[in-house]
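Engineer: Protein chains in written order, with the working numbering: chain S, 42 to 151; chain W, 42 to 151.
Protein chains: 2
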Amino acid sequence: MNAKSKIWIEKDGKPVFGDGRATLLETIDRLGSINKAAREMKMSYRHAWGEVKLIEKRLGMKLLKTQVGGRKGGGAILTAEGREFLERYHRFRDGINELVNERFEKIFDL
Amino acid sequence: MNAKSKIWIEKDGKPVFGDGRATLLETIDRLGSINKAAREMKMSYRHAWGEVKLIEKRLGMKLLKTQVGGRKGGGAILTAEGREFLERYHRFRDGINELVNERFEKIFDL
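1) Measuring only between beta-carbons, confirm whether S/A63 sits less than 8 Å from chain W.
2) Using only the alpha-carbon positions, how far apart do S/R132 and S/K47 sit?
3) With respect to the beta strand (DSSP E) encompassing S/K98, which residues constitute its N-terminal and C-terminal limits?
4) Would you verify that the beta carbon of S/I137 is, or is not, closer than 8 Å to some beta carbon of chain W?
5) Measure the C-alpha to C-alpha separation of S/A117 and S/D60 and round it to an integer number of angstroms.
6) In terms of residues, what are the limits of the alpha helix (DSSP H) holding W/F145?
7) Just the chain S side, please: which residues come within less than 8 Å of W/A44 by C-beta, in chain order?
8) When the Cα atoms are used, what is the spatial distance from W/I148 to S/S85?
9) Thinking just about the alpha-carbon of each residue, which of S/L104, S/D150, S/I50 is nearest to the one in S/E67?
10) Short of 7 Å in beta carbon distance, which residues of its chain neighbour S/S74, apart from the five on each side in sequence? Order them along the chain.
11) Could you check if S/G101 is buried or exposed, using at least 16 other CB atoms within 10 Å of its CB as the buried criterion?
12) Since W/L65 contacts W/M82 with CB under 8 Å, what's their CB separation in whole angstroms?
13) Can you look up W/K152 in the DSSP assignment and give me helix, strand or coil?
14) Taking S/L119 as part of the beta strand (DSSP E), name the residues at either end of that continuous run.
15) Look at the alpha carbon of W/D135 and the alpha carbon of S/V141, and state the distance between them as a whole number of angstroms.
16) Excluding the 5 residues preceding and the 5 following S/A78 in the sequence, name in chain order all residues of the same chain whose CB lies nearer than 7 Å to its CB.
17) Would you check if the distance between the CB atom of S/N43 and the CB atom of W/E51 is smaller than 8 Å?
18) Just the Cα atoms here: how many angstroms apart are S/E143 and W/K45?
19) Taking 8 Å as the threshold (beta carbon to beta carbon), is S/L95 in contact with chain W?
20) Considering only the alpha carbon of each residue, which of W/G54, W/D53, W/F58 lies closest to W/R127?
21) Need the endpoints of the alpha helix (DSSP H) that S/G14 sits in, please.
22) List, in chain order, every chain S residue whose beta-carbon is nearer than 8 Å to that of W/R144.
This is the structure in structure tokens:
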């Protein structure tokens, strides 16, 4: 037996950020493009873009810096604020599984 | 902003126990009947019974003591083992939200 956990952030009672959205932002940043990230994550550009806008609106924070045009077309990378937010999210999130499992094993004598 | 968490127990990579199943077992025990518990939880008797059998099979544990017939019809209550398991589940589960929120507030400076 082992314990599993799912963690997310809410604002005003609405889910605003979790692992899926973290991965989306990180993929956009890594590939430098919402379009390429959407393709890699098998979602439509429209959906990916809508997710980013929703997160930014709910958090009241600009997460992506987008550039239009240029020789290679537009691009998108994380803002400093977005990078800081993701860094904190990971610090918060990454230890949780371990924490939950330690507690589980202690209480269930495993 | 606040953090939310969902916690469950797996065995051999399959989900076996969480808040929904804990509530089902507790409702059966409180009402002394799978049938009444199913009605209160708005599920079919068949589904409730199937859930109990599934949990017992996956945990390798007899959780409910059922009695057939008698003047008031059959009844069901938790076995000592079932009661012990639920008690541990609550000890494990009930502090997690607080733990997760403390961590969240510390990391996000809230």
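Virtual Cβ for every residue (Gly too), placed ideally from N, Cα, C.
Structural biologist: Reading it off the structure:
1) no
2) 15 Å
3) From DSSP, S/K98 is part of no beta strand (DSSP E) but of the alpha helix (DSSP H) over 86 to 100.
4) yes
5) Each residue's alpha carbon lies about 20 Å from the other.
6) Per DSSP, W/F145 belongs to the alpha helix (DSSP H) from 137 to 148.
7) I48, W49, I50, E51, F133
8) 33 Å
9) S/L104
10) G116, A117
11) exposed
12) Contact between W/L65 and W/M82 holds: CB atoms are separated by about 6 Å, below the 8 Å threshold.
13) For chain W, the structure presents residues 42 to 151; residue 152 of chain W sits outside this window and is missing.
14) 116 to 119
15) 12 Å
16) L65, T68, I69, L72, A89
17) It is a contact, given that the beta carbons lie within the stated cut-off.
18) 19 Å
19) With a threshold of 8 Å between beta carbons, S/L95 makes no contact with chain W.
20) Per the sequence shown, residue 127 of chain W should be read as Leu rather than Arg. Out of W/G54, W/D53, W/F58, W/F58 has the C-alpha closest to the C-alpha of W/L127.
21) The structure shown has nothing for residue 14 of chain S, since chain S only spans 42 to 151.
22) F133, G136, I137, L140
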